[in-house]
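Enquirer: Numbering (my numbering), first residue to last: 87 to 764.
Where is the CB? At the ideal position from N, CA and C, for every residue including glycine.
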Amino acid sequence: MAALIVVAGVLLAGMLFPLVGGTGILASQVAESAAETSGSIRSGQLPTTSVMTDSSGAPVAYFYDRYRQSVPSEKISTAMKAAIVAIEDRRFFEHGGVDPVGAARALVNNSNGGAQQGGSTLTEQYVKNYDLYVVARTDAEREAAVAPNYARKIKEAELAVSLDHQQTKDQILTGYLNLVYFGHGAYGVQAAAQAYFGVDASALTVGQAAMLAGMVQSPAQFDPVNHPADSTARRNLVIDQMQQAGSITPAQATPAKATPLGVRPDPEVPAEGCTGAGDAGYFCDYVLSYLEKAGMSRQQLTDGGYTIRTTLDRDQLGKLKAAVDGQVPPGQPHVANVMSIVKPGATSHPVTAMAANRTFGNADGESSYGLPFEPENMGAGSVYKIFTAATALQQHDIGIDSIIPVPPSGYASPIYKDGDGNPIPVGNAGNYAGQLSLQDALAQSPNTAFVKLEETTGVSPVVDMAVNLGLTSLAEKPAGDDDAQSIAATMKASNQASFTLGVTPTSALELANVQATLASHGTFCPPTPLTSVTGPDGKPVPIPQEGCRQAIAPGIADTLMNGLSKDDQPGGTSAAAAGTEQWARPIAAKTGTTQEYKSATFVGATPDLAGADIVFDDSNSPRPICEGSPPYSCGSGNIYGGMAPARTFYRAMGDILGGAPPTPLPAPDPQYLNGRDG
Numbered sequence: 087m088a089a090l091i092v093v094a095g096v097l098l099a100g101m102l103f104p105l106v107g108g109t110g111i112l113a114s115q116v117a118e119s120a121a122e123t124s125g126s127i128r129s130g131q132l133p134t135t136s137v138m139t140d141s142s143g144a145p146v147a148y149f150y151d152r153y154r155q156s157v158p159s160e161k162i163s164t165a166m167k168a169a170i171v172a173i174e175d176r177r178f179f180e181h182g183g184v185d186p187v188g189a190a191r192a193l194v195n196n197s198n199g200g201a202q203q204g205g206s207t208l209t210e211q212y213v214k215n216y217d218l219y220v221v222a223r224t225d226a227e228r229e230a231a232v233a234p235n236y237a238r239k240i241k242e243a244e245l246a247v248s249l250d251h252q253q254t255k256d257q258i259l260t261g262y263l264n265l266v267y268f269g270h271g272a273y274g275v276q277a278a279a280q281a282y283f284g285v286d287a288s289a290l291t292v293g294q295a296a297m298l299a300g301m302v303q304s305p306a307q308f309d310p311v312n313h314p315a316d317s318t319a320r321r322n323l324v325i326d327q328m329q330q331a332g333s334i335t336p337a338q339a340t341p342a343k344a345t346p347l348g349v350r351p352d353p354e355v356p357a358e359g360c361t362g363a364g365d366a367g368y369f370c371d372y373v374l375s376y377l378e379k380a381g382m383s384r385q386q387l388t389d390g391g392y393t394i395r396t397t398l399d400r401d402q403l404g405k406l407k408a409a410v411d412g413q414v415p416p417g418q419p420h421v422a423n424v425m426s427i428v429k430p431g432a433t434s435h436p437v438t439a440m441a442a443n444r445t446f447g448n449a450d451g452e453s454s455y456g457l458p459f460e461p462e463n464m465g466a467g468s469v470y471k472i473f474t475a476a477t478a479l480q481q482h483d484i485g486i487d488s489i490i491p492v493p494p495s496g497y498a499s500p501i502y503k504d505g506d507g508n509p510i511p512v513g514n515a516g517n518y519a520g521q522l523s524l525q526d527a528l529a530q531s532p533n534t535a536f537v538k539l540e541e542t543t544g545v546s547p548v549v550d551m552a553v554n555l556g557l558t559s560l561a562e563k564p565a566g567d568d569d570a571q572s573i574a575a576t577m578k579a580s581n582q583a584s585f586t587l588g589v590t591p592t593s594a595l596e597l598a599n600v601q602a603t604l605a606s607h608g609t610f611c612p613p614t615p616l617t618s619v620t621g622p623d624g625k626p627v628p629i630p631q632e633g634c635r636q637a638i639a640p641g642i643a644d645t646l647m648n649g650l651s652k653d654d655q656p657g658g659t660s661a662a663a664a665g666t667e668q669w670a671r672p673i674a675a676k677t678g679t680t681q682e683y684k685s686a687t688f689v690g691a692t693p694d695l696a697g698a699d700i701v702f703d704d705s706n707s708p709r710p711i712c713e714g715s716p717p718y719s720c721g722s723g724n725i726y727g728g729m730a731p732a733r734t735f736y737r738a739m740g741d742i743l744g745g746a747p748p749t750p751l752p753a754p755d756p757q758y759l760n761g762r763d764g
């Protein structure tokens, strides 16, 4: 035995001091590799799973490359620390990072045919695993991290000695337990405790800790689910080692060995990403898009251990999802039904829920496109008449009670032309009186009246009003094409009078926020899904966000809110839907339908909540949609915004607002009732 110890000491000396001899190439390899690991491991920082929560703090989704929840020393049970030391490195608290005695013991044991033991200390294992799970980013780097060569062993020994001088034993032990793999996707002891036993690492018993400690050597071989007998034998060996080390008494060891493993039948870690968020998948994807635009990278998200607290209201989401699916079942081909909800406010417009009648994901029959928040290409139809009305009020030539002309269907407007400059007849979807008040025109929605009004306001101011109130994506240039114009710029440059009829791509989220702007007395705030982002240390992480601004005068916003209040009343385009869903609250609302019936839209706002619903063909070859139970793809189409979209909105909002007393709409500003001549 003494001779073997001498041999081990000589080998160790050769490993620790390679630079003295003529091993220049080896020394260079060690130095380069060690430098990369050194600073990182000394910081003690480990890639840690980020969690997204709803507004109450309940988890929505997790983001990681490896599922790990790092915990401080005080949140790891004493039994767990004792178990890993007993089985992996009993002299851990005595050596200085490397252990000649332990190496010799392993050499003797292995040469005598005993159970194979490793000569590496916990500190050396920590360095090795850190290289494998943290530093290595490619397959080649991961292979190098476990390669059986002297360069790796020398590096591990060198860094282990250095680390032992710079960190306490408890820091090293805590780092090790937070790092290593325990099988079934669980990295670190907290993830393992949750996966196998449904408890925190602080609550692990002697038996549970011994089982986990025994798995580190070979998680597959000692898997308690697939190899329970091997796992039990290994656990009991760890318990024996703990008793021999004096960590536990025989009175503790005996019942611990007699206790069944007690693991969950299907240990697993939470699914990664938004596909595991269920009905909140689209909201989750919206949050990721928001964070990416704010500058957070994918690696920051998966490694940073952030807690992302969102504005998602689970109760609202459940009721919204039921309403969306109730009108258009998830499996209905060619017909998507999407809705977003925004809470009005003077300092923030939190997005509280969004849903689609599609499952978020990449599998067949699922969709990974941001249906409730990304623009859909069919347009929103007559909803855009809101912007023409707002512009007219702002220009002060007419008021909400002013009488405006309603030309007959087929009207040839001097500004509504095709690409060759030829007039395009403007059609109406029904018969209307030759004159209507602006308020009644908003409720009944004759196309000719608003094209005629646009002749007075001008197209460009209407486009600017839409962007100002919340359709901000219209002013964005296409990604990756610096020479291209935005939709807004194109519409203004070509004087596209069709803008008032809602022909441009539109998102339900932006439309909902337009309504929130009106309900906030004209204050625009960018819609936000975030309440806070905190780092693993609990400190706030600043996320750049655009501030709020006064988009239009409060009097215009209040007058327009009041002016949109007849849509659910007799004669309004959503009156039938409001009756069907027993809607009985004041609301500012507007419907819209595109020309070929490939989409239909409803927007609405109370002072409490604002929302927008769009029913459209989400296939690669859009077709018209027909009204039905449920709506369906057809040859000619006859769906309107006052049908499925309005019913979805009224059902969802009615259920969400429940028994809360109705909030009255703001009174109109007298100066915007009759315009300059009133």
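Could you check the C-alpha separation between Asp399 and Ile629 for me, to the nearest Å?
Expert: As a working note, residue 399 is residue 313 in the sequence shown. As a working note, residue 629 is residue 543 in the sequence shown. Straight-line Cα distance between these residues: approximately 21 Å.
Enquirer: May I have the straight-line CA-CA distance separating Leu243 from His181, to the nearest angstrom?
Expert: Counted from its first residue, the sequence shown places residue 243 at position 157. Counted from its first residue, the sequence shown places residue 181 at position 95. At residue 243 the sequence reads Ala, which differs from the Leu that was named. C-alpha separation (whole angstroms): 12 Å.
Enquirer: Can you give the Cα-Cα distance for Gly348 and Phe283, rounded to whole angstroms?
Expert: For the purposes of this step, residue 348 is taken as the residue at position 262 of the sequence shown. For the purposes of this step, residue 283 is taken as the residue at position 197 of the sequence shown. Answer to the nearest angstrom: the Cα atoms are 7 Å apart.
Enquirer: Please check the pair Val424 and Ala409, which I expect to be a contact at CB under 8 Å, by giving their CB distance rounded to whole angstroms.
Expert: As a first step, residue 424 must be located in the sequence shown, where it is residue number 338. As a first step, residue 409 must be located in the sequence shown, where it is residue number 323. Going by Cβ atoms, the distance from Val424 to Ala409 rounds to 12 Å, so no, they are not a contact pair.
Enquirer: Could you give the residue range of the alpha helix (DSSP H) that holds Pro336?
Expert: Sequence index remark: in the sequence shown, residue 336 carries index 250 (1-based). Residues 336-344.
Enquirer: Let me know the beta strand (DSSP E) ranges lying completely inside the stretch 672-758, each 3 residues or longer, listed in chain order.
Expert: Runs of the beta strand (DSSP E) inside the stretch 672-758: 674-679, 685-691, 696-702.
Enquirer: Can you tell which of Pro622, Ser426, Pro754, Asn706 has the C-alpha that lies nearest to the C-alpha of Asp699?
Expert: Mapped onto the sequence shown, residue 699 falls at position 613. Asp699 has its Cα closest to that of Ser426, out of Pro622, Ser426, Pro754, Asn706.
Enquirer: On the criterion of 16 or more Cβ atoms from any shown chain inside 10 Å, does Gln655 qualify as buried, or is it exposed?
Expert: Residue 655 sits at position 569 when you count from the first residue of the sequence shown. So Gln655 counts as exposed.
Enquirer: Could you compute how far the alpha carbon of Tyr518 sits from the alpha carbon of Ser488?
Expert: Stepping through the sequence shown from its first residue, residue 518 is reached at position 432. Stepping through the sequence shown from its first residue, residue 488 is reached at position 402. Between Tyr518 and Ser488, the C-alpha separation is close to 17 Å.
Enquirer: Hey, how far is the Cα of Ala527 from the Cα of Leu479?
Expert: Counted from its first residue, the sequence shown places residue 527 at position 441. Counted from its first residue, the sequence shown places residue 479 at position 393. Cα to Cα, Ala527 sits roughly 14 Å from Leu479.
Enquirer: What does the alpha-carbon distance come out to for the pair Gly566 and Leu249?
Expert: By one-based count along the sequence shown, residue 566 stands at place 480. By one-based count along the sequence shown, residue 249 stands at place 163. Those two C-alpha atoms are separated by around 47 Å.
Enquirer: Exposed or buried, Thr645, counting other C-beta atoms within 10 Å across all chains shown (16 or more means buried)?
Expert: To locate residue 645, count along the sequence shown from 1; it is residue 559. Buried is the call here.
Enquirer: Would DSSP call Val213 helix, strand or coil?
Expert: As a position in the sequence shown, residue 213 is number 127, starting the count at 1. Val213: helix per DSSP, three-state reduction.
Enquirer: Which residue or residues does DSSP assign as beta-bridge partners of Tyr267?
Expert: Within the sequence shown, the letter at position 181 stands for residue 267. For Tyr267, which the question treats as bridged, DSSP gives the partners Tyr273.
Enquirer: Throw me the rounded Cβ distance for the Val137 and Tyr153 pair, which I believe falls under 8 Å.
Expert: The residue you call residue 137 lines up with position 51 of the sequence shown. The residue you call residue 153 lines up with position 67 of the sequence shown. Going by Cβ atoms, the distance from Val137 to Tyr153 rounds to 11 Å, so no, they are not a contact pair.
Enquirer: The alpha helix (DSSP H) with Ile638 in it runs from where to where?
Expert: Residue 638 sits at position 552 when you count from the first residue of the sequence shown. No alpha helix (DSSP H) contains Ile638, which DSSP labels as neither H nor E.
Enquirer: Indicate the three-state DSSP secondary structure (helix, strand or coil) for Glu174 in the structure shown.
Expert: If you number the sequence shown from 1, residue 174 lands on position 88. Of the three classes helix, strand and coil, the one that applies to Glu174 here is helix, per DSSP.
Enquirer: Who are the Cβ neighbours of Cys370 in its own chain at under 7 Å, not counting the five residues just before and after it?
Expert: On the sequence shown, position 284 is the one that residue 370 refers to. Once the five neighbours on either side are set aside, the close Cβ partners of Cys370 are Met138, Val146, Ala147, Cys360, Ala363.
Enquirer: For the stretch 504-571, list the alpha helix (DSSP H) runs that are entirely contained and at least 4 residues long, ordered along the chain.
Expert: 524-530, 533-543, 545-555
Enquirer: Going by other Cβ atoms of all chains shown within 10 Å of its Cβ, with 16 needed for buried, is Thr603 buried or exposed?
Expert: If you number the sequence shown from 1, residue 603 lands on position 517. Buried: at least 16 other Cβ atoms inside 10 Å.
Enquirer: For Ala753 and Asn508, what's the separation of their Cα atoms in angstroms?
Expert: Position 667 of the sequence shown holds residue 753. Position 422 of the sequence shown holds residue 508. Each residue's Cα considered, the two are about 43 Å apart.
Enquirer: Nearest to Gly431 by CA position, among Ala226, Phe610, Glu227, Gly130, is which residue?
Expert: The residue given as residue 431 occupies position 345 in the sequence shown. It is Phe610.
Enquirer: Closer than 6 Å by C-beta to Arg320: which residues in its own chain qualify, once you throw out the five before and the five after it? Chain order, please.
Expert: Mapped onto the sequence shown, residue 320 falls at position 234. Once the five neighbours on either side are set aside, the close Cβ partners of Arg320 are Gly300, Phe308.
Enquirer: What three-state label does DSSP hand Ile240 in the structure shown?
Expert: Along the sequence shown, read from residue 1 onward, the residue named residue 240 stands at position 154. Reduced to three states, the DSSP call for Ile240 is helix.
Enquirer: How long is the line joining the alpha carbons of Gln131 and Gln280, rounded to whole angstroms?
Expert: Walking along the sequence shown from the start, residue 131 turns up at place 45. Walking along the sequence shown from the start, residue 280 turns up at place 194. If you take the alpha carbons of Gln131 and Gln280, they lie about 21 Å apart.
Enquirer: In three-state terms, what does DSSP make of Arg384?
Expert: For the purposes of this step, residue 384 is identified with residue 298 of the sequence shown, where counting begins at 1. Correct three-state label for Arg384: helix.
Enquirer: Between which two residues does the beta strand (DSSP E) harbouring Pro314 extend?
Expert: As a working mapping, residue 314 is identified with position 228 in the sequence shown. First-last for Pro314: 314-330, but that is the alpha helix (DSSP H), not the beta strand (DSSP E).
Enquirer: Decide if Gly744 is buried, meaning its Cβ has at least 16 other Cβ atoms within 10 Å, or exposed.
Expert: If you number the sequence shown from 1, residue 744 lands on position 658. Exposed, since its Cβ has fewer than 16 Cβ neighbours within 10 Å.
Enquirer: Give every residue of the same chain whose Cβ lies closer than 8 Å to the Cβ of Asn264, excluding the five residues on either side of it in the sequence, and list them in chain order.
Expert: Here residue 264 refers to the residue found at position 178 when the sequence shown is read from its first residue. So the qualifying residues of the chain are Leu132, Arg154, Ser156, Val157, Gly274, Val275, Gln276.
Enquirer: Do you know how far the Cα of Gln413 is from the Cα of Thr734?
Expert: Numbered from its first residue, the sequence shown carries residue 734 at position 648. Numbered from its first residue, the sequence shown carries residue 413 at position 327. Using only the alpha carbons, I get a separation of about 6 Å.
Enquirer: What number of angstroms, rounded off, separates the C-alpha of Ala475 from the C-alpha of Gln601?
Expert: Position 389 of the sequence shown, counted from the start, is the residue given in the question as residue 475. Position 515 of the sequence shown, counted from the start, is the residue given in the question as residue 601. Rounded to the nearest angstrom, the two C-alpha atoms are 14 Å apart.
Enquirer: Would you say Tyr212 and Tyr262 are within 7 Å of each other, going by their C-beta atoms?
Expert: For this step, residue 212 is matched to residue 126 along the sequence shown. For this step, residue 262 is matched to residue 176 along the sequence shown. In contact: Tyr212 and Tyr262 (Cβ atoms closer than 7 Å).
Enquirer: Under the assumption that Leu245 contacts Ile127 (Cβ atoms under 8 Å), give the Cβ distance between them as a whole number of angstroms.
Expert: For the purposes of this step, residue 245 is identified with residue 159 of the sequence shown, where counting begins at 1. For the purposes of this step, residue 127 is identified with residue 41 of the sequence shown, where counting begins at 1. About 7 Å separates the two Cβ atoms, so the contact holds.
Enquirer: Within 10 Å of its beta-carbon, does Pro747 have 16 or more other beta-carbons around it, so buried, or fewer, so exposed?
Expert: On the sequence shown, position 661 is the one that residue 747 refers to. The residue is exposed, with fewer than 16 neighbouring Cβ atoms inside 10 Å.
Enquirer: Return the bridge partner residues of Phe149 from the DSSP annotation.
Expert: The residue you call residue 149 lines up with position 63 of the sequence shown. DSSP output for Phe149 lists Ser136 as bridge partner(s).
Enquirer: In terms of residue numbering, what span does the beta strand (DSSP E) encompassing Ile472 cover?
Expert: In the sequence shown, the residue the question calls residue 472 occupies position 386. Unbroken run through Ile472 is the alpha helix (DSSP H), 471-481; no beta strand (DSSP E).
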